[in-house]
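If you read the protein sequences in the order shown, they are chains B and R.
When the letters of the first sequence are read in order and numbered with UniProt numbering, they come out as residues 1 to 771.
When the letters of the second sequence are read in order and numbered with UniProt numbering, they come out as residues 1 to 771.
Just so it is clear, CB atoms sit at the ideal spot from N, CA and C, and this is done for glycine as well.
A quick note: this is a predicted structure, and the numbers were derived from the prediction, not measured.
2 protein chains.
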Amino acid sequence: MDALAHVDAYWRAANYLSVGQIYLLANPLLTEPLRPEHIKPRLLGHWGTTPGLNFCFAHLNRIITERDQDMIYVAGPGHGGPAAVAHAWLEGSYTEKYPDVGQDARGMQRLFRQFSFPGGIPSHVAPETPGSIHEGGELGYALAHAYGAAFDNPDLVVACVIGDGEAETGPLAGSWHSNKFLDPACDGAVLPILHLNGYKIANPTVLARIPEEELVKLMEGYGYRPHFVSGEDPEVMHALMAETLDRVFDQIADYRQGRADRLPMIVLRTPKGWTGPREVDGLPVEGTWRAHQVPLTRVRDSPEHLAMLEEWMRSYRPEELFDGRGHPVAEVLETVPEGPLRMSANPHANGGELLRPLVLPDFRDYAVEVKAPARVSTEPTRVLGMFLRDVIAVNPDNFRLMGPDETASNRLSAVFEVTDRAWDAETLPTDENLARGGRVMEVLSEHLCQGWLEGYLLTGRHGLFNCYEAFIHIVDAMFNQHAKWLEACRKIHWRRPIASLNYLLSSHVWRQDHNGFSHQDPGFLDVVVNKKAEVVRVYLPPDANTLLSTADHCLRSRDYVNVIVAGKQPVLDLLPMDEAIAHCTRGLGILEWASSDAGTEPDVVLACAGDVPTLETLAAAALLRECLPELRVRVVNVVDLMRLQPPSEHPHGMSDAEFDTLFTADKPIIFNFHGYPWLIHRLTYRRHGHDNLHVRGYKEEGTTTTPFDMAMLNDIDRFHLVMDVIDRVPGLAERSAHLRQHMMDRRLRARAHTREYGEDPAEIRDWTWPY
Amino acid sequence: MDALAHVDAYWRAANYLSVGQIYLLANPLLTEPLRPEHIKPRLLGHWGTTPGLNFCFAHLNRIITERDQDMIYVAGPGHGGPAAVAHAWLEGSYTEKYPDVGQDARGMQRLFRQFSFPGGIPSHVAPETPGSIHEGGELGYALAHAYGAAFDNPDLVVACVIGDGEAETGPLAGSWHSNKFLDPACDGAVLPILHLNGYKIANPTVLARIPEEELVKLMEGYGYRPHFVSGEDPEVMHALMAETLDRVFDQIADYRQGRADRLPMIVLRTPKGWTGPREVDGLPVEGTWRAHQVPLTRVRDSPEHLAMLEEWMRSYRPEELFDGRGHPVAEVLETVPEGPLRMSANPHANGGELLRPLVLPDFRDYAVEVKAPARVSTEPTRVLGMFLRDVIAVNPDNFRLMGPDETASNRLSAVFEVTDRAWDAETLPTDENLARGGRVMEVLSEHLCQGWLEGYLLTGRHGLFNCYEAFIHIVDAMFNQHAKWLEACRKIHWRRPIASLNYLLSSHVWRQDHNGFSHQDPGFLDVVVNKKAEVVRVYLPPDANTLLSTADHCLRSRDYVNVIVAGKQPVLDLLPMDEAIAHCTRGLGILEWASSDAGTEPDVVLACAGDVPTLETLAAAALLRECLPELRVRVVNVVDLMRLQPPSEHPHGMSDAEFDTLFTADKPIIFNFHGYPWLIHRLTYRRHGHDNLHVRGYKEEGTTTTPFDMAMLNDIDRFHLVMDVIDRVPGLAERSAHLRQHMMDRRLRARAHTREYGEDPAEIRDWTWPY
């Protein structure tokens with residue numbers, strides 16, 4: 001038996017096991033004729049893409065074995081879940097992870113039964129599937145994940161199967177250009193396999209229906225050397241695929257060694273549902289969209305369908321593939337690699353196994369000196385940039401900073417003192433900070449930044465994604481999927497913790513001075529808090545030192561999504577580093593120096609979260625001290641938003657007693673919030689003081705205007721906060737009608753000033769804490 | 001003076017006006033030497049892309065004039081706002097829309113001053129800009145908008161400038177393939193102009209730095225005939241652009257008449273910040289990323305910068321362009337088209353002007369008969385499909401149905417009785433329902449579906465986007481931008497109302513039986529309700545008849561985003577059509593037949609929104625009637641979610657008195673909700689009864705399992721609701737401990753059943769209202 005016969009045996013075994021998973025409850029080896037009671041009552045799975053995935057698996061195994069090639073497999077058409085599971089079972093890694101699913105008839109029966117079955121496993125390639133870093137639910141991110149996995153893994157090849165459905169998505173279409181960001185010397189290689197089976201759920205696909213010459217140009221235009229493997233006769237296709245893969249891996253070696261400047265890719269054209277039923281009930285199935293899910297649907301009721309299923313399964317000749325006990329025979333396993341070279345057991349696909357902690361410089365060394373609170377302004381992200389610069393310097397192959405062309409705009413440019421932007425395309429003499437292997441990944445695609453970072457993290461590395469706040473919504477859906485991946489992994493004993501996905505959202509809603517309304521959206525936080533509390537964290541550090549402390553904490557954490565919102569514009573330094581650390585550790589606290597309740601029960605609580613709302617709150621506190629000196633005002637700043645929830649809702653949640661101690665149970669609370677105000681209500685609606693809580697925040701008003709005009713448009717400005725206090729503290733409304741009017745006048749004057757001069761009044765621009 | 005000299009004069013005038021907008025408060029015609037007080041205090045704008053945009057405008061005007069060509073202009077690099085404004089002012093349409101900005105020196109000064117100035121206009125191409133259907137904030141959607149505008153507009157050419165930054169985004173990369181969905185006979189043409197000025201904010205761009213031969217292949221691979229216009233000498237470039245445009249418009253004519261099967265496109269390669277300062281402070285600016293925003297930043301402080309600005313502005317020779325009064329001279333206006341042929345006044349770019357109401361068949365004709373409530377099941381979307389079929393039939397050029405390959409999966413397939421899927425690529429004999437000009441647009445890209453529909457609506461037509469609920473998050477950011485567009489348009493007197501953007505979210509969180517966790521996310525509603533109440537509407541019709549009534553209402557509405565969540569799986573028919581209409585008109589109401597409070601004050605309110613939660617609520621009500629017959633239970637169903645808000649928050653909001661009448665002010669309310677439970681709290685936290693409100697909903701638990709197991713995983717199932725009632729109705733906990741245990745046992749039995757048999761118990765699957 002030659003190598004291709006072994007590959008074919010493996011392929012047939014994987015196909016057999018895939019069909020078994022979709023259909024069978026019992027009789028896994030077909031030791032008796034199929035009967036209706038062997039069939040699952042609900043047939044839930046996707047056959048169409050599966051034989052193609054199995055074909056690639058089988059052939060890549062031969063390459064791994066022959067070349068000792070470190071390789072992982074990203075299955076873009078991840079609804080072909082049965083393929084990945086079959087593969088892991090054949091390679092033995094499924095049984096290693098799940099010992100009750102043994103490599104024998106009983107284990108095979110369990111394998112079949114559990115698939116897409118209550119209490120069993122998902123129908124897609126999922127976190128539960130050994131060897132996967134890529135959930136196959138939402139399409140579009142396979143190639144970005146593959147490149148993310150390849151960065152800084154010089155010996156790795158990431159084989160990435162891209163379905164022709166997925167290829168229609170925008171994110172995938174944009175991902176092809178990732179090759180301009182790959183360093184042949186320090187990064188691994190990606191082998192895209194565009195699998196044209198011609199159909200998605202109910203339609204032909206675009207790339208399957210354009211002239212082949214156009215497809216060649218498209219792939220060459222994307223910067224690849226395409227190789228076509230087309231056909232349906234298994235014997236011919238095995239020979240063609242093997243020969244192509246040999247050529248392709250030679251070309252990858254050439255690329256890695258600088259002898260070729262383009263990566264190869266493969267276009268694999270096979271029928272959808274290949275080797276399945278050709279025709280069912282008089283309609284063509286194999287090679288059409290009808291093969292997408294379950295080709296034979298009435299197997300339990302129709303003796304004819306049942307017979308077709310049996311014939312189909314027996315066409316793989318299971319008796320040649322499994323021994324009497326149900327164990328795969330030697331011929332099937334001939335091309336299966338050893339130990340961690342098995343794609344289903346490769347540690348890169350369980351990144352926590354390879355995770356090296358970041359070496360972190362002491363963030364205290366980057367502290368800004370704060371002699372007195374709120375007197376001097378600093379750009380927080382610029383300070384963070386210096387910390388990140390040194391993080392990059394001491395972790396040269398274990399950390400990447402992603403951003404859609406905004407790293408400098410977000411004022412993190414200190415990083416360019418030690419590294420460059422990754423770039424493997426033409427450079428010109430006027431270029432700055434572009435180089436192969438640069439640690440900063442900039443491309444004008446939030447999807448690519450997110451996808452690369454996910455792939456990088458899932459294979460055991462670290463990173464941070466800096467983004468304009470409004471445009472992080474572009475990856476809402478990707479965040480959702482990654483959070484779900486993390487949620488699922490918490491219940492999977494063999495998935496090892498990975499570094500958290502860290503977002504730094506800067507250029508935020510309150511400071512879009514020259515971009516305006518389209519750039520104003522703080523709603524990503526609302527999306528984030530919908531995910532399980534165990535995996536999400538939200539921080540709004542109000543100044544440079546709290547940002548440093550928060551960033552250090554996030555970079556050390558595991559298995560979370562951390563969202564940090566921090567401004568790039570100068571804001572007043574509030575806390576010396578030791579107090580900043582204490583404040584961040586508590587997650588929220590009273591700013592004693594800004595409060596006038598002197599440890600007694602206050603008349604009103606001014607709460608705030610976010611840098612601009614905190615500034616306005618402080619200015620309001622100062623106005624109140626000046627104009628209503630007898631009023632006892634408490635200022636509470638919140639850094640860790642999740643502290644507001646009850647402990648039953650979030651691990652960071654504080655008890656009602658703590659909440660009441662800080663916010664009181666019965667005094668008015670004016671909460672000045674960075675984002676949409678309802679989020680604060682949502683987090684606190686069960687608190688005693690909730691009925692007294694009045695939240696200001698972004699209420700979807702904005703344009704290109706001055707910072708203070710933006711605050712006024714949304715009523716988060718200092719003058720309006722004073723008016724809110726007057727309106728809500730019992731008895732104050734009557735006494736302070738004149739002050740209220742005065743505040744209103746000052747707002748009008750401020751607005752008139754900006755409209756006259758195009759900038760905020762100096763006393764507002766230059767305001768510092770006066771006490 | 002020949003035509004190209006006129007084009008050049010126009011271009012210089014537009015460039016002059018663009019620089020003036022960025023810099024000047026006064027002295028608009030440079031009638032005196034520039035002084036610091038003529039300069040704005042804050043310089044906020046984007047010069048880099050602007051001269052290229054102006055160049056295209058100028059040349060396209062010649063084509064329009066010479067060929068009488070109906071054309072609109074989509075400016076992908078929309079932060080080049082000064083260009084679009086300059087153009088509208090030169091064409092006179094700015095003054096028509098805003099009479100106080102006249103075509104004279106005073107008007108020019110106002111034009112300059114207002115730009116990116118408090119109380120003025122946004123810095124981007126925005127709804128305020130005449131002639132635009134495309135906000136230039138978030139990048140990625142220009143080409144999709146352009147195609148959307150072209151559909152069913154056979155005489156229109158949509159010129160679409162795509163910045164090389166935007167070209168890196170996924171959505172844009174995927175949009176090129178829109179040409180496979182264009183019908184040369186019935187649709188207009190799109191002319192993509194890929195503008196390679198080489199840089200984004202701080203980086204070179206990918207497409208500017210790949211070999212030209214690769215770029216040619218890429219464009220040919222996308223199915224276009226590329227034409228290159230490259231250089232920087234204005235005279236040479238004018239000749240080259242004019243000659244190229246003549247050829248290109250000939251090719252478009254050939255394409256339209258079936259003599260060519262590929263659309264042309266142009267690659268325009270010019271320096272970033274073309275004609276601006278070449279070098280500032282010893283650093284190159286023109287032709288680099290430094291030209292992105294404001295090339296000279298210290299104009300007010302530095303006499304040298306001030307002089308450079310004056311020299312720059314005078315380089316356009318304003319004295320040749322404007323007469324003494326500041327009006328553009330005849331030579332400048334020579335190529336400006338007449339009336340509605342001006343791109344800044346084209347009615348397609350103010351789609352409401354062209355809007356024809358949909359012809360709507362009577363939705364009552366599609367009603368399912370309901371002899372008794374909740375006895376018979378129907379697939380709601382299948383019924384809707386019949387209504388949509390006839391909508392399509394009687395509106396053959398005014399309505400499109402978009403969906404990412406899910407129209408059949410979402411069970412709207414009746415539409416294929418009268419139309420096909422739009423398809424202009426290869427077809428095979430086995431294909432079904434593919435044809436040029438099909439009214440159904442299916443591509444596996446939510447971005448394209450959304451972008452096409454936006455472009456279609458903004459040019460005055462109608463449509464509906466059907467999507468899997470979880471994956472609508474893919475277009476969260478696009479929804480945000482469209483909602484912001486609608487919000488802004490409400491304040492713009494000349495923007496005419498357009499048809500609402502209608503979403504049908506099906507294949508929802510509760511019925512992902514074979515897809516599982518990755519397909520479970522009802523959080524789009526949370527994103528939607530962050531936008532201004534004036535433009536967002538959310539409906540959860542619980543059955544077929546309420547879905548029909550809701551859909552009819554939405555299709556008639558204007559200027560909203562309507563989100564309809566409705567299942568495709570069979571659900572019990574609750575209401576005969578007349579009651580369904582009344583129920584939808586109220587937006588919520590008591591289901592009398594399911595309630596046992598007989599018009600008196602109830603002991604508990606069971607509220608519900610969404611089809612599956614409503615089913616479980618009804619089953620719980622039946623269980624309570626059986627087991628606790630003395631308990632007075634009120635069942636309230638909510639269709640229009642916005643009714644829950646106070647009227648101060650949303651126009652649909654109901655008064656506290658109404659709310660109390662329905663929900664009581666003091667009785668326990670168990671609210672079974674389709675989405676994340678916090679949304680209901682967020683909408684109702686100010687209500688009297690809020691402290692008694694207990695919400696069940698999706699709490700991020702799920703996998704591939706049975707429908708009832710999904711309900712149990714998230715505690716929205718009938719048994720758990722009964723337990724909730726027992727726990728919350730005063731005095732019931734003690735009396736009904738046994739019943740509570742019984743409910744718990746029934747849950748356990750149901751779960752054990754699904755895990756044994758792989759399907760829900762028959763008494764749950766087949767449950768109907770028993771009274």
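With 16 as the cutoff for other CB atoms within 10 Å, does residue i come out buried or exposed?
i	result
residue 738 of chain B	exposed
residue 189 of chain B	buried
residue 735 of chain B	exposed
residue 297 of chain R	exposed
residue 493 of chain R	exposed
residue 655 of chain B	exposed
residue 88 of chain B	buried
Using DSSP's beta-bridge definition, name the partner residues of residue i.
i	result
residue 465 of chain R	R:402, R:503
residue 589 of chain B	B:637
residue 221 of chain R	Looking at the DSSP assignment, residue 221 of chain R forms no beta bridge with any residue, so it has no partner.
residue 442 of chain B	B:403
residue 672 of chain R	R:608, R:696
residue 284 of chain R	R:279
residue 75 of chain B	B:161
residue 24 of chain B	B:39
How many Å lie between residue i and residue j at the Cα?
i	j	result
residue 12 of chain R	residue 46 of chain R	17 Å
residue 772 of chain B	residue 614 of chain R	No answer is possible for residue 772 of chain B: it lies beyond the span of chain B, which begins at 1 and ends at 771.
residue 537 of chain B	residue 347 of chain R	48 Å
residue 59 of chain R	residue 85 of chain B	59 Å
residue 438 of chain R	residue 420 of chain R	4 Å
residue 398 of chain R	residue 205 of chain B	26 Å
residue 370 of chain R	residue 592 of chain R	15 Å
residue 275 of chain B	residue 478 of chain B	34 Å
residue 783 of chain B	residue 701 of chain R	Within the shown structure, residues of chain B are numbered from 1 to 771, placing residue 783 of chain B beyond reach of any answer.
Between which two residues does the alpha helix (DSSP H) holding residue i run?
i	result
residue 61 of chain B	50-67
residue 743 of chain B	737-757
residue 713 of chain R	707-713
residue 778 of chain B	What is shown of chain B runs 1 to 771, which leaves residue 778 of chain B out entirely.
residue 88 of chain B	81-90
List, in chain order, every chain A residue whose beta-carbon is nearer than 8 Å to that of residue i.
i	result
residue 443 of chain R	In summary, chain A is missing from the structure at hand, where the protein chains are B and R.
What are the boundary residues of the beta strand (DSSP E) that includes residue i?
i	result
residue 269 of chain B	263-269
Inside the region 510-582 of chain B only - alpha helix (DSSP H) runs reaching at least 4 residues: Within the region 510-582 of chain B, the complete alpha helix (DSSP H) runs of at least 4 residues are 524-528, 544-556.
Complete runs of the alpha helix (DSSP H) confined to the region 116-192 of chain R [at least 4 residues]: With a minimum length of 4 residues, the continuous alpha helix (DSSP H) runs that stay inside the region 116-192 of chain R are 142-150, 170-175.
Every unbroken alpha helix (DSSP H) inside the region 305-377 of chain R [4 residues or more]: Counting whole runs of 4 or more residues, the region 305-377 of chain R contains the alpha helix (DSSP H) stretches 318-321, 330-333.
Length at least 3, wholly inside the region 415-459 of chain R: the beta strand (DSSP E) runs in chain order: Taking only runs of at least 3 residues, the beta strand (DSSP E) segments lying wholly in the region 415-459 of chain R are 440-442.
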